[in-house]
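Just below is one structure, and these are the notes that go with it.
2 protein chains.
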Amino acid sequence: MTITITAFERSPDGGRGLARDTRVRWALEEAGQPYEVRLVSFQAMKEPAHLALHPFGQIPTYEEGALALFETGAIVFHIATHHAGLLPEDANARARAVTWIFAALNTVEPPILELGTGKMLEGKKPWTKERLPLLEDRIRDRLKQLSARLVDAEWLDGGFSAGDLMMVSVLLRLKSSGLLDEYANLAAYVARGEARPAYQRAFAAQLAINKPRAG
Amino acid sequence: MTITITAFERSPDGGRGLARDTRVRWALEEAGQPYEVRLVSFQAMKEPAHLALHPFGQIPTYEEGALALFETGAIVFHIATHHAGLLPEDANARARAVTWIFAALNTVEPPILELGTGKMLEGKKPWTKERLPLLEDRIRDRLKQLSARLVDAEWLDGGFSAGDLMMVSVLLRLKSSGLLDEYANLAAYVARGEARPAYQRAFAAQLAINKPRAG
């Protein structure tokens, strides 16, 4: 059955690979699964046809035969469950890998997204200059803990898993902030993720859609 | 094998059931699984023994024989996978229920947590009075979309699932804000969740630890 995902017709990040379809593309590339992409405009994302697929009017979505999913975490988990390469066989190791998917999305990413919101939605507010350092310190709290857990391991728990895919994807949001470079082992961890051929293919595929066009 | 979870020695919410151990207790009650609770102080949560279990120094954790997990979403998912009552049998319906777990934690809860952070960590900042209405509007955006998806259904997708358990738990955070009451179908949905005997047992168990003691 054909797998179809949705992505921004034009990503707000201009092709830096931070839109969440890149995470799903990466998982599909790790799993060796071909997929098709349906591009949606910001306007179309808020219309009934897309809201039927994604009640919160976002991307990505995932369609495969009669199955329709939304939420990047759920989609990556679904791919990881149905194809080899993203979750260990051992039941306990698998549960721990799933834990890292949730940890990336629910514990590490929220303060990173708050920094993004603080800059984008509140960038012109009078309080932003004083508030952004508070947000950066909340991110540092998490990075410090993650760095202390990773130490010098290659991946978070044994071999590369969907948990690493998600954590690297979350940390990639920090590249332009300089915060990641304060934790050398995390910066190296992210670089290892980016170096994976599957990530490279996923990144190139989203860039082909989003790269700045010649004026 | 004995299941042991961790919870706050003294919950910051004074027994309103908003600490995340309540979500795990609820899942275990729905699954009919007995469990033990180890209470941890704020100080102990940041010490090596607890950090070995939970790298971000939070509660709850979950131990069962050789398995140790953290992250509420991962724990609830693990319980739902290994016991009947929280996930449908049909594979596609199961994937959709998992989607709602992620949607609750990653799409609906973040703006709700931002409102909490805005009040608690930034409550005395000069910008807070002007900023809180912005945060409330971001929550309303999500509630409106969720309300439009739920319409008059009893649960989010067929029978009660771990997805509903998580969504109700997330929405319960809004009870004191009045925001939930702006969406009658969501308020009724949350009330249905609270009325479940398993939730009642979970709530009572955490209240027994956290209820205000006579001075």
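Note that the protein sequences, when read in sequence, are chains B and G.
Per our numbering, the first sequence starts with residue 1, numbered consecutively.
Per our numbering, the second sequence starts with residue 1001, numbered consecutively.
Glycine is no exception: its CB is placed at the ideal position from the N, C-alpha and C atoms.
With a contact defined as Cβ atoms closer than 8 Å, glutamate 36 of chain B and threonine 4 of chain B qualify at about 5 Å. Residues of chain B whose Cβ lies closer than 7 Å to the Cβ of alanine 1188 of chain G do not exist, since the nearest Cβ in that chain is about 18 Å away.
Using a CB distance cut-off of 7 Å, glutamine 1145 of chain G counts as an interface residue toward chain B. Neighbours of histidine 78 of chain B in chain G, taken as residues whose beta carbon is under 9 Å from its own, are Ala1095, Val1098, Thr1099 in chain order. Not a single CB atom of chain G sits nearer than 7 Å to the CB of glycine 17 of chain B. About 4 Å separates the beta carbons of valine 170 of chain B and glutamate 109 of chain B, which is inside the 8 Å limit, making them a contact pair. For glutamate 1194 of chain G, the enclosing alpha helix (DSSP H) stretches over residues 1184 to 1195.
The three-state secondary structure of threonine 6 of chain B, taken from DSSP, is strand.
Of the other Cβ atoms in all chains shown, fewer than 16 fall within 10 Å of the Cβ of aspartate 141 of chain B; this residue is therefore exposed.
With contact defined as three or more Cβ pairs closer than 8 Å, the segment 1165 to 1179 of chain G and the segment 197 to 215 of chain B are not in contact.
When Cβ-Cβ separations below 7 Å define contact, arginine 149 of chain B makes contact with chain G.
A direct Cα-to-Cα measurement between lysine 1144 of chain G and leucine 1150 of chain G gives close to 10 Å. In this structure, DSSP gives alanine 52 of chain B a helical state, which the three-state scheme calls helix.
Linking methionine 1120 of chain G to glutamine 1043 of chain G through their CA atoms gives a straight-line distance of about 19 Å. When the five nearest sequence neighbours on each side are left out, the beta carbons in the same chain lying within less than 8 Å of the beta carbon of glycine 1118 of chain G are those of Thr1128, Arg1131, Leu1132, Leu1135, in order along the chain. Close partners of leucine 69 of chain B in chain G (Cβ separation under 8 Å): Ala1095, Arg1096, Thr1099. Nearest to leucine 1113 of chain G by C-alpha distance, out of G:Ala1019, G:Ser1011, G:Leu1186, is G:Ala1019. Runs of the beta strand (DSSP E) lying entirely within the segment 1010 to 1083 of chain G, each at least 3 residues long, are 1036 to 1040, 1061 to 1064, 1067 to 1070 in chain order. Chain-order list of chain B residues neighbouring leucine 1113 of chain G: Pro110, by C-beta distance under 8 Å.
Collapsing the DSSP output to three states places tryptophan 1100 of chain G in a helix. Neighbours of arginine 1131 of chain G across chain B, judged by C-beta separation under 8 Å: Glu122, Lys125, Trp127. Apart from sequence neighbours up to five positions away, the residues of its chain that approach valine 1040 of chain G with a beta-carbon distance below 8 Å are Thr1006, Ala1007, Phe1008, Glu1009, His1050, Ile1059, ordered along the chain. Contact between alanine 1187 of chain G and leucine 1180 of chain G holds: their C-beta atoms lie close to 5 Å from each other, under 8 Å. The beta carbons of alanine 1162 of chain G and leucine 1069 of chain G sit no closer together than 7 Å.
In this structure, G:Ala1198 is the residue among G:Ala1204, G:Ala1205, G:Ala1198 with its C-alpha nearest to the C-alpha of alanine 1027 of chain G. At a cut-off of 7 Å between C-beta atoms, asparagine 1185 of chain G does not count as an interface residue with respect to chain B.
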